[in-house]
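The numbers in this note's numbering rise by one with no breaks, and the one at position 12 of the sequence shown is 94. Below is one structure, written out as structure tokens; comments come after it.
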Amino acid sequence: MGIRTPGHGPKRPNGAREAEILELLQRADGALTPREVTERLGDELAYNSVVTILTRMHTKQLLTRTPRGRAYAYAPVTDDPGFAARRMRSVLEERSDRQDVLARFADELSTTDADLLRQLLDPDQ
83 MGIRTPGHGP
93 KRPNGAREAE
103 ILELLQRADG
113 ALTPREVTER
123 LGDELAYNSV
133 VTILTRMHTK
143 QLLTRTPRGR
153 AYAYAPVTDD
163 PGFAARRMRS
173 VLEERSDRQD
183 VLARFADELS
193 TTDADLLRQL
203 LDPDQ
């Protein structure tokens with residue numbers, strides 16, 4: 083169980099908070115300000131903490147931000163499948179043995195996934 087301090091939610095790793103905020107933003111109809119994020123979280127995080135997390139996520143290029151009044155409004159740069167694809171591409175780009183990594187990945191795909199990948203790579207098949 084996390085540590086509770088007055089006016090604050092339980093202490094959790096920033097990655098967990100980022101994931102929670104990202105999911106909240108993905109469900110929203112449009113970009114949200116830090117105040118709107120804080121309210122939708124049920125005030126379990128202090129406003130300043132939300133601003134810090136949103137700013138870090140923007141720096142990591144997970145969010146876009148546009149001015150709205152005296153604050154910024156934040157929105158995800160892509161949807162959940164897009165973020166998964168970005169993580170996969172990032173792992174691939176970190177490796178010098180791309181061909182071996184892709185070959186191993188393809189070898190470990192289920193028949194269904196391999197067929198789907200073939201269709202996506204060659205839609206005229």
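Heads up, the beta-carbon is just placed ideally off N, CA and C, and yes, glycines get one too. It should be emphasised that the depicted structure is a prediction, and the values quoted were computed from it without experimental measurement.
Proximity of residue i and residue j at Cβ, strictly below 9 Å
i, j, result
"T115", "R171", "no"
"L123", "V133", "no"
"L184", "L174", "yes"
"L136", "Y156", "yes"
"R169", "T160", "no"
Reduced DSSP category for residue i - H, G, I as helix; E, B as strand; rest coil
i, result
"R147", "strand"
"A155", "strand"
"L174", "helix"
"L127", "coil"
"L191", "coil"
"L199", "helix"
"M83", "Confidence in M83 is poor, its pLDDT being 44 and thus under 50, which makes the residue's placement too unreliable to answer from."
"G97", "helix"
Nearest to residue i (by Cα), restricted to the options the options
i, options, result
"P162", "T193, Q108 and E100", "The amino acid at residue 162 is misidentified as Pro; the sequence shows Asp. Nearest C-alpha to D162: Q108."
"E100", "G112, T120 and D111", "T120"
"A113", "P158, A98, R138 and H140", "P158"
"R138", "R177, G97 and A166", "G97"
8 Å contact criterion, which residue i and residue j should meet: CB distance rounded
i, j, result
"A153", "R117", "7 Å"
Is it a yes or a no for the region 98-106 touching the region 139-150, going by three-plus beta-carbon pairs under 8 Å?
-> Yes: the two stretches touch, three or more of their Cβ pairs being nearer than 8 Å.
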